[in-house]
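Visitor:
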Amino acid sequence: MSEETPTHERTFVMVKPDGVQRGLIGEIVNRFEDRGLTLVGGKFSRLDTETARDHYGEHEEKPFFDELVSFITAGPVFAMVWEGADATRQVRSMVGETDPAESAPGTIRGDYGLDLGRNVIHASDHEDEGANEREIKLFFDESELYTYERIDDPWLYEWIVTTLTWFNSLR
Ligand code: RTP
Ligand code: MG
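Okay, so the sequence shown: first residue is 457 according to the working numbering, each after it adds one.
See below:
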């Protein structure tokens, strides 16, 4: 792979209780599927307080922490793992800014949110090293994640065609 080839990686994403209640799971899954990412895991979960405090541990000292924990435990969430090239950064750019009011139209929070404390979706932070692995482990067993190739992968990634061409040239 050339230096420019982005890392193929897994990222953790979660439709928050407000997104579930508002019937946005399908729309959100659709956006990531349309983009070409591969859904390798997905399930409902109801966070208990301990898991929620763990998940948002980096914010423990912040004034909004208790409210954040009580919101995220208020109803079921839909947890997912998406896989693809540069998946963490791509997903975050589709999610938008933390505050929906600052999020561009076309992003999930920019299209479906209005309020900082009701921002529809969580995605692992690409600037927080190890966040993906930590959050995936908190929600999923390895046996709940499925590796497979999308049938359109060769049309989504140039490097697949390049590698196949190189491989065929050896035969
Ligand atoms: P998330 O972790 O939920 O995906 O959101 P994020 O990375 O965009 O933002 P983060 O800084 O991790 O904040 C976590 C959640 O806390 C709420 N928040 N409230 N009142 C406030 O100043 C404030 N700041 C953040 C937001 O709901 C945010 O999603
Ligand atoms: Mg965050």
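For every residue, glycine included, the Cβ atom is placed at its ideal position computed from N, Cα and C.
#1: Rank Ala535, Asp571, His511, Gly562 by C-alpha distance to the C-alpha of alanine 587 and give the top, closest one.
#2: Spatial neighbours of leucine 618 within its chain, please: CB distance less than 6 Å, with the 5 preceding and 5 following residues excluded, ordered by chain position.
#3: Locate the alpha helix (DSSP H) running through leucine 612, then write down its first and last residues.
#4: Going residue by residue through the stretch 552-595, where are the continuous beta strand (DSSP E) segments of at least 3 residues, counting only ones entirely within it?
#5: Got a sec: does ligand 2 put a non-hydrogen atom nearer than 7 Å to the Cβ of aspartate 474?
#6: Give the list of continuous beta strand (DSSP E) stretches no shorter than 3 residues that lie fully inside the stretch 472-511.
#7: Run through DSSP, which three-state label would phenylalanine 468 get?
#8: Using a Cβ-based criterion (distance less than 7 Å to any ligand heavy atom), does phenylalanine 468 qualify as near ligand 1?
#9: Where in the stretch 507-547 do unbroken runs of the beta strand (DSSP E), each at least 3 residues long, occur, reported from the N-terminal end onward?
#10: Between Leu626, Thr467, Thr461, which has its C-alpha nearest glutamine 546's C-alpha?
#11: Report all residues from its chain with a CB closer than 8 Å to the CB of methionine 457; omit the five preceding and five following residues, and keep chain order.
Guide: Here's the rundown:
#1: His511
#2: Checking the sequence shown, residue 618 turns out to be threonine, not leucine. If we look at threonine 618 and ignore the five residues flanking it on each side, it has no Cβ neighbours.
#3: 609-612
#4: 577-579
#5: no
#6: 494-501
#7: strand
#8: no
#9: 533-541
#10: Thr467
#11: Only weak support is given to the placement of methionine 457: the predicted model assigns it a pLDDT of 48, under 50, and the value that follows is read from those uncertain coordinates. The answer, listed in chain order, is Trp615.
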